[in-house]
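Just so we're aligned, residue 698 is where the sequence shown starts under our numbering, counting upward by one.
The C-beta atom is built at its ideal place from N, Cα and C for all residues, glycine as well.
Please read all numbers here as calculations on a predicted model, not as lab measurements.
Presented below is the structure to which this report refers.
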Amino acid sequence: MSRADVERLRAVGLNDRAIHDATQVIAYFNYINRVADGLGVDLEEGM
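Pasting the structure below:
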């Protein structure tokens, strides 16, 4: 991620709080998916 990426997000109307919140959610899902993959967790049926 670079300053230019942040500027593009601002250009479409996101403020610093929205960018921060999105970053936190994205990072959490990235983390939890890696943990699940590492532990060999299978998807729930139907997914």
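- When rounded, the separation of the alpha-carbon atoms in Asp718 and Asn712 is 10 Å.
- A direct Cα-to-Cα measurement between Val738 and Val722 gives close to 21 Å.
- When DSSP states are grouped into helix, strand and coil, Asp702 belongs to the helix group.
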